[in-house]
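Asks:
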Amino acid sequence: MAFLISHPAHFFGLGLGSGLTGFAPGTFGTLAAIPLWLLMAEQLLLIQCVIIIVASVIGIYFCGKTASDLGSHDHGAIVWDEFVGFWLTMLFAPAGLIWLLAGFGLFRLFDIVKPWPIKLLDQKVHGGFGIMIDDVLAGLFAGL
Numbered sequence: 037m038a039f040l041i042s043h044p045a046h047f048f049g050l051g052l053g054s055g056l057t058g059f060a061p062g063t064f065g066t067l068a069a070i071p072l073w074l075l076m077a078e079q080l081l082l083i084q085c086v087i088i089i090v091a092s093v094i095g096i097y098f099c100g101k102t103a104s105d106l107g108s109h110d111h112g113a114i115v116w117d118e119f120v121g122f123w124l125t126m127l128f129a130p131a132g133l134i135w136l137l138a139g140f141g142l143f144r145l146f147d148i149v150k151p152w153p154i155k156l157l158d159q160k161v162h163g164g165f166g167i168m169i170d171d172v173l174a175g176l177f178a179g180l
């Protein structure tokens with residue numbers, strides 16, 4: 037808990053604390069992204085896109101700083117990338133509970149399975165950008 041609040045990047049990098057579950061942190065991180073998506077879904081598409089772009093760019097810093105301070109390339113507790121990837125998936129989905137559930141399931145599937153080129157980027161690209169890029173691509177794949 038002390039690490040979570042020791043730096044703002046840690047708070048966001050660890051998904052507002054949702055990555056600290058110890059079990060399936062990516063899934064719990066994605067679940068934690070849902071209420072924020074529901075707030076974003078009420079906004080114009082342009083606003084949603086701006087939020088996701090900004091969250092992606094600052095996510096490179098959040099995730100990179102948190103990973104560095106944890107001494108790990110991509111520690112499982114770092115789930116800000118799941119937030120952004122899920123939000124990206126939901127940009128392509130109509131409103132409604134069934135679409136929210138489908139978006140959640142498809143994003144988790146692509147994030148876990150990591151089809152080409154997601155897996156390649158996950159293995160070859162490091163730092164904050166590397167942490168973010170595989171989930172951004174998983175979000176795009178799931179959305180399309």
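Residue numbers (the numbering used here): 37 to 180.
For each residue, glycine too, the CB sits at the ideal point set by N, CA and C.
Values in this document were obtained by computation on a predicted structure and should not be read as measured data.
Among the candidates Trp116, Ala60, Ala103, whose CA atom is the shortest distance from the CA of Val90?
Replies: Val90 has its Cα closest to that of Trp116, out of Trp116, Ala60, Ala103.
Asks: What's the call for Pro61, buried or exposed, on a 16-neighbour Cβ count within 10 Å?
Replies: Classification for Pro61: buried.
Asks: Let's see if you can read the secondary structure: which residues bound the alpha helix (DSSP H) around Trp73?
Replies: Here the alpha helix (DSSP H) through Trp73 covers 61–76.
Asks: In three-state terms, what does DSSP make of Gly139?
Replies: Helix at Gly139.
Asks: Does the beta-carbon distance from Leu72 to Phe146 come in below 9 Å?
Replies: Contact flag unset, no.
Asks: If contact is defined by three or more beta carbon pairs under 8 Å, each pair taking one atom from either stretch, is the segment 107–116 in contact with the segment 49–65?
Replies: Touching, yes, given that three or more Cβ pairs across the two stretches are closer than 8 Å.
Asks: Between Ile88, Pro44, Ile169, which has its C-alpha nearest Met126's C-alpha?
Replies: If we check each option's Cα against that of Met126, Ile88 comes out closest.
Asks: Would you check if the segment 141–160 and the segment 89–107 touch, i.e. whether three or more CB-CB distances between them fall below 8 Å?
Replies: Verdict: no, contact absent.
Asks: Could you check whether Ile167 and Ile94 sit closer than 9 Å to each other, using their CB atoms as the reference points?
Replies: Not a contact, by the Cβ cut-off of 9 Å.
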